[in-house]
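Below is one structure, written out as structure tokens, with a few remarks after it.
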Amino acid sequence: MKILVTGGAGFIGSHTVVELHEAGFEPVILDNLYNSNREVLNGIKGITGKDFPFYEIDCNDIEKVRAVFEKEKFDGVIHFAAYKAVGESVEKPLNYYENNIISLLVLLKVMKEFNVDKFVFSSSCTVYGQPDALPVTESTPRKPANSPYGNTKAIAEDIIRDHVHSAPGIKAISLRYFNPIGAHKTSLIGELPNGVPSNLVPFITQTAAGLRESLTVFGSDYDTPDGTCVRDFIHVVDLAKAHLKALQLLDEQTDGNYYDVFNVGTGQGYTVLELINTFEKVSGEKLNYSIGPRRAGDVEKIYAQSDKVNSVMKWTAEKTMADALLDAWNWQLKITPKK
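If you use the working numbering, the sequence shown corresponds to residues 7 to 345, in order.
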């Protein structure tokens, strides 16, 4: 199958391109490089030995997206491309609603025009807001999101569901990610944020490498074992492999429409301080960090129950948090040797 990967030069997208290739799919990358780098394509080639078709296009540009569909004849789409920083979304909500919702509408419209029936959506555990009970299952009620970013994912899921039910033969899965971390074992691709990282682990590795003076932990007065937020950290390669399983599940659906949602996490919650302590252990580096005030939009604690994705998609996380942190550190050392 030929698969369009929007945001394919990004952190999760690039790892998914590699896994698609290794599983026999034909990936095509579409990315406007807003929060990624063209150098990532060289890393992908270094791992796979191949140059995959790449289009530097914004998903909001329907005519350019339509032209790519006309040329490539896709069998399915994995949609990663979106703005994704929780804090920034609180500051710039209109930017997030415009970009994340319109790009989805464009893709679904063009897919319908070209009879492309398989769609995997990059959703998020932020759709649960702050859940009343843990771990969260797919039937856990979606609560009002704590951030505009999270709300764009909830709105997008509703759009996809309604679209699937509107016409015969459309098949889609929303994968609700928890917290992807790590890098490819080759250290040829990894998380490469433009500017100040919005995610915790690249901020940790950049601080350990001397690129940043210190790390701020946002809040130490939450109702958690050590007062810091609890998250379910998943290795990015494990997450990438879940997208292959999703495509295979969609391909098996032969009768009518299909839509479902899956949590993709390890089922284990760790505090931010536990993550930091594990990083210090696997890297041998002492991290300079301080405790700061809570950050707007952050959920106190959330982690997945993974029974559904394990049983229905036959997917299980294979790598540990320690594995992911060591891979992330090796990647950081590859791109910026320690000062």
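Even glycine gets a Cβ: it sits at the ideal position worked out from N, Cα and C.
Secondary-structure assignment with DSSP links Y264 through a beta bridge to K177. Counted as a single uninterrupted DSSP element, the alpha helix (DSSP H) harbouring L245 occupies residues 242-258. Note on the region 67-121: whole beta strand (DSSP E) runs with a minimum of 3 residues are 82-85, in chain order. As computed with DSSP, L39 is found in no beta bridge at all. From the listed residues F224, D164, S42, the smallest Cα separation to G13 is found for S42.
S20 and N48 have their C-alpha atoms some 11 Å from each other. In the three-state reduction of the DSSP assignment, E306 falls in the coil class.
Counting C-beta pairs closer than 8 Å gives fewer than three between the region 132-141 and the region 76-87, which falls short of the contact rule.
By the criterion of at least three beta-carbon pairs nearer than 8 Å, the region 200-214 is not in contact with the region 158-176. Taking the Cα positions, P174 is about 22 Å away from R72. If you check the CB distance, I179 and Y265 come in under 9 Å. Note that the region 251-260 does not touch the region 297-314; fewer than 3 beta-carbon pairs, one per stretch, sit closer than 8 Å.
Counting the other Cβ atoms within 10 Å of the Cβ of N101 gives fewer than 16, which makes it exposed. Between F184 and D304, the C-beta gap is not smaller than 9 Å, which leaves the two residues out of contact. Look at K159 here: in three-state DSSP terms it is helix. Exclusion of the five residues before and after T272 leaves D238, I240, A323 as the residues of its chain whose Cβ lies within less than 6 Å of its Cβ. Distance between D67 and L10, taken at the CA atoms: about 15 Å. R167 has its alpha-carbon roughly 19 Å from the corresponding atom of V270.
When the Cα atoms are used, T22 and H249 turn out to be separated by approximately 7 Å.
Annotation for F31: M7, I9 place their beta carbon closer than 6 Å to its own, counting only its chain and skipping 5 residues before and after.
Scanning its chain for C-beta atoms nearer than 7 Å, with the 5 sequence neighbours on each side dropped, one finds around P231 the residues T277, in chain order.
If you ignore the 5 residues before and after F75, its C-beta comes within less than 6 Å of the C-beta of V116, F120, all in its own chain and listed in chain order. For G188, there is no enclosing alpha helix (DSSP H), as DSSP gives it neither H nor E. Between T158 and S95, the C-beta spacing is below 9 Å. Under the 10 Å beta carbon count, R44 is surrounded by fewer than 16 other beta carbons and is classified as exposed.
Short of 7 Å from the beta carbon of D244, and not among the five residues preceding or following it, lie these beta carbons of its own chain, in chain order: A323, E324, K325. Distance check between V267 and each of S130, A15, G16, L181 places L181 closest, using alpha-carbon atoms only. Close CB contacts of A328 within its chain, under the 6 Å cut and outside five residues either way in sequence, are with T284, V288 (chain order).
Close CB contacts of L111 within its chain, under the 8 Å cut and outside five residues either way in sequence, are with I165 (chain order).
In this structure, A330 lies away from V236, with their beta-carbon atoms at least 9 Å apart. The Cβ atoms of V126 and G188 do not sit closer than 9 Å to each other. With respect to the C-alpha of G55, the residue from V207, H27, D227 having the closest C-alpha is H27.
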